[in-house]
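Heads up: the sequence lines are chains A and B, in that order.
Per the working numbering, residue 1 is the first one in the first sequence, and the count goes up by one each step.
Per the working numbering, residue 1001 is the first one in the second sequence, and the count goes up by one each step.
Reviewing the structure listed below.
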Amino acid sequence: MRTAARLFWTATLSTLTLIALAGNGFAQAPAAEAAPKTEAAQPVSGESPVKVYVITLRGELGRDVTKTPMTEALKDAKKNKADVLVIKVDTAFSVHQKVMKDFDDRQAGQAFNQLETVRELQTLFTDSIRDDKDWAANTPNGKPRLVMWVNKALGGAAFLPWSSPEIYFTSDGRMGGVGYMEFMFSSGDYAPIMKQLSLRLARAKSLAEKGGHEPKLIEAMTWTSYVLSVNYVGDQPVYVEDASGEDLLTDDGDPKTGHKDAFPDVMRFQGNDVLTLDAAKAFKVKLSKGTANKLEDLCYELDIARNYVEIKGRSDAIFKDWSNKVVKAEEEFQDTVREYRRIEVQGATPAERNKLRTRQMSLLNKAREILKKYKESVNPEALGDPENIDGQIDLLIERIRQQIRLDK
Amino acid sequence: MNLARSFKTLMAGLVASCAVLATTPALFSADTVYKKDGTAVEGKIQREETDFVVIIIKDASGKDQTLFLSRTDISRIERDGSLTNPSVVPPKQGTKPAEAPKVDPTKEPAKTEAPKTEPAKPVDSAKKDEPKARSTTSVARVAFLNFGPPSDWQGSAGNMVGTVVNAKGWRDAIPLLEKDKVTDVVVRINSGGGLLMEMEPFNRLYEEQYKTRFRTVAWVESAISCAAMSPWVLEEFYFLPEGNIGACTGWRGNLEAVAGAQLEEVKILMEKASQQAKRDPKIMLAMQIPVALSCNIDDTTGQVTWFQDESGSNIVNREGRILTLTANEAMKYKFGKGIAATKEELMKVMGYSEYEFAGKEAAKFIDENMKSNDTYEKRFQNFYQKYDMAVRAASQIQRLVLPSGTLRK
């Protein structure tokens, strides 16, 4: 019913827009399906349009999506006095540039490593905006309405949308890839492993609670043996932690009882050992408030379709620029280290030798500066852990200083 | 799903629906949320936020179920017979109560070095057993001290108890708090734990020095392991909406469990801390070792009776799991005293209508202490290696020095 009504209104509005354009003598082809429509909706007379600012998160969480570009993008949204802040999650399913298959739901180990990044990042678009007295949105509390819009939130990014009360999906939207957490530690005693799992699960569930969402869904997404089904009271989901509910979301995944997902089903996103949410499921369990593929559809769902304007902000450029700089920084770091290694300290006099040593120190300091600026994003598997490298550089410089002192 | 299962689940669903909509146990204090679609949900409202309401309902078997209802779906709320307009919501996050007096930040000089005043001493033993009771007529002067850097520091400092967060720093902060006539201290916790050896000093410090001087409460973002056990003696735990506490299992090396006498020592310490906090020790035990925890909650008095098994009507922790409570769970089982997203909201749930934010110098001291400890921790290995290098260089220089004191060419 709701979908039918939405389609009717979208169609009606589109028709009205076309008629209005035709009346003005413009001939325009319908917008391509993939390209979001960015023209302003006609403002309601006498009311200023709702300013919608979209931040699209692409690339890898923790590399392309980190605090620096996010802070910059939010500053731009603030400067543009956004009334609605839409954060579209369309990230790569990868960790340290290793790309996973979308259907691979067995990635809790990697995902929970990204959870701390999520815990920190989400404060930027929740608490920091709340506490920023200078935000001037045209809303009752002067703060923008926060909307998470999920297209691809797999791996650690699956935890990102939960701290916002309003979540929407695209029709292809998926959230998951954080399952099989019981198996994330391959060695160790039972109790410490359970402790590690417990704290990670609680920290993820807590983000759901912050946004007012059902934390049991997080457990179902992550813990294989957790059984969750749902009954509907009216249209409200009431969860039961066994298989007795109307809709079985996850079974115990136990191979002994034949519940382990078959691989072909997993590849078709039809498994239920762990929960992967698509648009329909997310809407049914009331995590998602609606499904929208284009911004105008989303604005319809947000009830601002007749009076909004999309702000052409800099957020895309900010994130793209950051990603490019990270790649360049890694290359520059490696070039600098290579150049340092090529220097052979030779010469007839201490002055000649110490000149080369000074050059070595200069290169090491340069490498350290690069690392300092981009350490939140660099790939530790390519360069090493930035904290360790920083310490190693420190020691190398100290050693060179000693050599200079001794070579007199 | 086979037919039999479909029928079974359908019936279960119908029974659950009927139970929720048609019955309200006499002892279950009833709030009713009327929805715009004409249906109603009866239960106990646990939490009200700007965008949603959390309500606990009973399912067919009498067990509690948590429902999240969006404000946009609610037409009205009835609390024990009194109507509430859904548009009247709790204060927006970030809004300040009108009565909150402003504090002049210029009053507090930005000193970061260790205070030169005398270290705090315990008050006399007669007063020791009672937490600080503040005069109800005076305005509370509340200090917020970070036990671990909050997440909005964006990982700029570590959070390890014993290295970054230490009892000495907190002890040194007491004179600064007293100098500023602080009455209440909020211990804002965000830490993944640390060294067990720091736990007892913190327990003693909070019990003997803080609780006797200030109303000292915890406000939890994330209190894991040692970060949960260190302030466990505090009687009042409040939570951020994303708060969590628990996972107190001791381990070393490659996830090797602390066992035997050392484990018993920690358990005994925590039993004492639980007693000092007037809290059932079973809660902490379920956070330390994989034992079950359940409870019954008296519908009339709200009193919670705890069981170290799964016999209670509320299963808090399954056998074989380690307990970490989220904020809502902490509230449901009456471990938490309230949930607050902001300092102002915390003041409300702590019962204050009049208060001043104070103790900025102490807060800054604690923060600087964490930052410098973090730097030292990260650099410790380097310092040692540099020291070793310097010693070797010095010995080489000695060999180069002539008896006259000049360097050999």
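By construction, the Cβ of each residue, glycine as well, lies at the ideal position given by its N, Cα and C atoms.
Please read these numbers as outputs of a predicted model, since none were measured by experiment.
Report task. Quick one: list the residues of chain A neighbouring residue 1219 of chain B, beta-carbon separation under 7 Å, in chain order. Result -> Those do not exist, as residue 1219 of chain B stays about 14 Å from chain A at its closest Cβ, beyond 7 Å.
Query raised in the report: In the structure shown, what three-state DSSP assignment does residue 55 of chain A receive?
Result: In this structure, residue 55 of chain A counts as strand in the three-state DSSP scheme.
Requested in this report: Give a yes or no on whether 8 Å exceeds the smallest Cβ distance from residue 972 of chain B to chain A.
Outcome: No answer is possible for residue 972 of chain B: the residues shown for chain B start at 1001 and end at 1409.
Query raised in the report: In whole angstroms, what separates the C-alpha of residue 252 of chain A from that of residue 258 of chain A?
Result: Looking at the backbone, the Cα of residue 252 of chain A and that of residue 258 of chain A are separated by about 10 Å.
**Report entry** Partner residues on chain A for residue 1395 of chain B, Cβ-Cβ distance less than 8 Å
**Finding:** Contacts between residue 1395 of chain B and chain A, judged by CB atoms closer than 8 Å, are missing: the closest CB pair is about 11 Å apart.
Query raised in the report: Ordered along the chain, which non-local residues of its own chain (more than five positions away) have a Cβ less than 6 Å from that of residue 313 of chain A?
Result: Shown here for residue 313 of chain A: same chain residues with a beta carbon closer than 6 Å to its own, the five before and five after excluded, namely 53, 76, 80 in chain order.
Requested in this report: With 8 Å as the threshold, decide whether the Cβ of residue 1195 of chain B is near any Cβ in chain A.
Outcome: Not closer than 8 Å to any Cβ of chain A, the Cβ of residue 1195 of chain B fails to qualify, so no.
Query raised in the report: Using DSSP with H/G/I as helix, E/B as strand and the rest coil, what is residue 388 of chain A?
Result: Assignment of residue 388 of chain A by DSSP, reduced to helix, strand and coil, places it in the helix class.
Query - Integer Cβ distance of residue 207 of chain A from residue 149 of chain A, believed to fall under 8 Å - result: Residue 207 of chain A to residue 149 of chain A, Cβ: 17 Å. No contact.
Query raised in the report: With 8 Å set as the bound, which would you pick, yes or no: does the beta-carbon of residue 418 of chain A sit closer than that to a beta-carbon of chain B?
Result: This structure gives no information on residue 418 of chain A, because the portion of chain A shown stretches from 1 to 408.
Query raised in the report: Smallest Cα separation from residue 1030 of chain B: which of B:1336, B:1045, B:1038?
Result: Distance from the Cα of residue 1030 of chain B is smallest, within the candidate group B:1336, B:1045, B:1038, for B:1045.
Query raised in the report: Short check: CB of residue 1236 of chain B to CB of residue 1190 of chain B, under 8 Å?
Result: With contacts defined by Cβ atoms closer than 8 Å, residue 1236 of chain B and residue 1190 of chain B do not form a contacting pair.
Query raised in the report: Buried or exposed: which applies to residue 387 of chain A, given that a residue is buried once 16 or more other Cβ atoms fall within 10 Å of its Cβ?
Result: Exposed, because fewer than 16 other Cβ atoms sit within 10 Å of the Cβ of residue 387 of chain A.
Query - Proximity to residue 309 of chain A [Cα-Cα], best of A:69, A:288, A:67, A:85 - result: Looking at the Cα atoms, A:85 is the closest of the given residues.
Requested in this report: Taking only runs that begin and end inside the stretch 1301-1359 of chain B, name each unbroken beta strand (DSSP E) of 3 or more residues, in chain order.
Outcome: Within the stretch 1301-1359 of chain B, the complete beta strand (DSSP E) segments at least 3 residues long are 1304-1307, 1314-1317, 1324-1326, 1355-1357, listed from N- to C-terminus.
Query raised in the report: For a contact meaning CB atoms closer than 9 Å, what does residue 190 of chain A contact in chain B?
Result: 1257, 1290, 1320, listed in chain order.
Query raised in the report: Just reading off the beta strand (DSSP E) that residue 178 of chain A is part of, what are its end residues?
Result: In the DSSP assignment, residue 178 of chain A falls outside any beta strand (DSSP E), carrying neither H nor E.
Requested in this report: Look up residue 48 of chain A in the DSSP assignment and say whether it is helix, strand or coil.
Outcome: Residue state, collapsed to three classes: coil.
Query raised in the report: What do you reckon, are the CB atoms on residue 1290 of chain B and residue 1252 of chain B nearer than 8 Å?
Result: No. Outside cutoff.
Query - DSSP-derived helix/strand/coil call for residue 1281 of chain B - result: Here residue 1281 of chain B sits in helix by DSSP.
Report task. Tell me whether residue 317 of chain A is buried or exposed, calling it buried when 16 or more other Cβ atoms sit within 10 Å of its Cβ. Result -> It is exposed - the Cβ of residue 317 of chain A has fewer than 16 other Cβ atoms within 10 Å.
Query raised in the report: Quick one: Cα of residue 188 of chain A to Cα of residue 1250 of chain B, how far?
Result: Taking the straight line joining both Cα atoms gives about 13 Å.
Query raised in the report: Under a Cβ-count criterion, where at least 16 other Cβ atoms within 10 Å of its own Cβ denotes burial, should residue 277 of chain A be classed as buried or exposed?
Result: It is buried - the Cβ of residue 277 of chain A has at least 16 other Cβ atoms within 10 Å.
Report task. Please classify residue 216 of chain A: is it buried, with 16 or more other beta-carbons within 10 angstroms of its beta-carbon, or exposed? Result -> So residue 216 of chain A ends up on the buried side.
Query raised in the report: So is residue 1216 of chain B buried or exposed if we call it buried at 16+ other beta carbons inside 10 Å?
Result: By the 16-neighbour rule on beta-carbons within 10 angstroms, residue 1216 of chain B is buried.
Query - Residue-level contact to chain B via CB, residue 398 of chain A, 8 Å cutoff - result: Closer than 8 Å: yes.
Report task. Can you check the stretch 47-135 of chain A for any alpha helix (DSSP H) of at least 4 residues that lies completely inside it and give the ranges in chain order? Result -> DSSP runs (the alpha helix (DSSP H)) wholly in the stretch 47-135 of chain A: 67-79, 108-125, 127-131.
Report task. With distances taken Cα to Cα, identify the nearest neighbour of residue 222 of chain A among A:182, A:288, A:101. Result -> The shortest C-alpha separation from residue 222 of chain A is found at A:182.
Requested in this report: Select from the stretch 89-123 of chain A all residues with a C-beta closer than 7 Å to any C-beta belonging to chain B, and list them in chain order.
Outcome: Considering only beta carbons, the part of the stretch 89-123 of chain A lying closer than 7 Å to chain B consists of 119, 120, 123, in chain order.
Requested in this report: Assign residue 1268 of chain B to buried or exposed, taking buried as 16 or more other Cβ atoms, counted over all protein chains shown, within 10 Å of its Cβ.
Outcome: With fewer than 16 other Cβ atoms within 10 Å, it is exposed.
**Report entry** Pick from A:88, A:382, A:197, A:115 that is closest to residue 170 of chain A, judged by C-alpha positions
**Finding:** The candidate whose alpha carbon is nearest that of residue 170 of chain A is A:88.
Query raised in the report: Between the stretch 1231-1253 of chain B and chain A, which residues of the former have CB atoms less than 7 Å from a CB of the latter, in chain order?
Result: Under the 7 Å Cβ criterion, the stretch 1231-1253 of chain B contributes 1241, 1242, 1243, 1244, 1246, 1247, 1249, 1251.
Report task. Report the residues of the stretch 1140-1158 of chain B with a CB closer than 7 Å to any CB of chain A, ordered along the chain. Result -> Against chain A - using a Cβ distance shorter than 7 Å - the residues of the stretch 1140-1158 of chain B are 1151, 1152, 1154, 1155.
Query raised in the report: Using a C-beta to C-beta distance shorter than 7 Å, which residues of chain A count as neighbours of residue 1224 of chain B?
Result: Around residue 1224 of chain B, the beta-carbon contacts reaching into chain A at under 7 Å are 199.
Requested in this report: Starting from the C-beta of residue 1394 of chain B, find all residues in its chain whose C-beta is less than 8 Å away, skip the five residues before and the five after it, and write them out in chain order.
Outcome: Within the same chain, residue 1394 of chain B has no close Cβ partners at all.
Report task. Assign residue 1295 of chain B to one of three DSSP states: helix, strand, or coil. Result -> In the structure shown, residue 1295 of chain B adopts extended strand secondary structure according to DSSP, grouped into three states.
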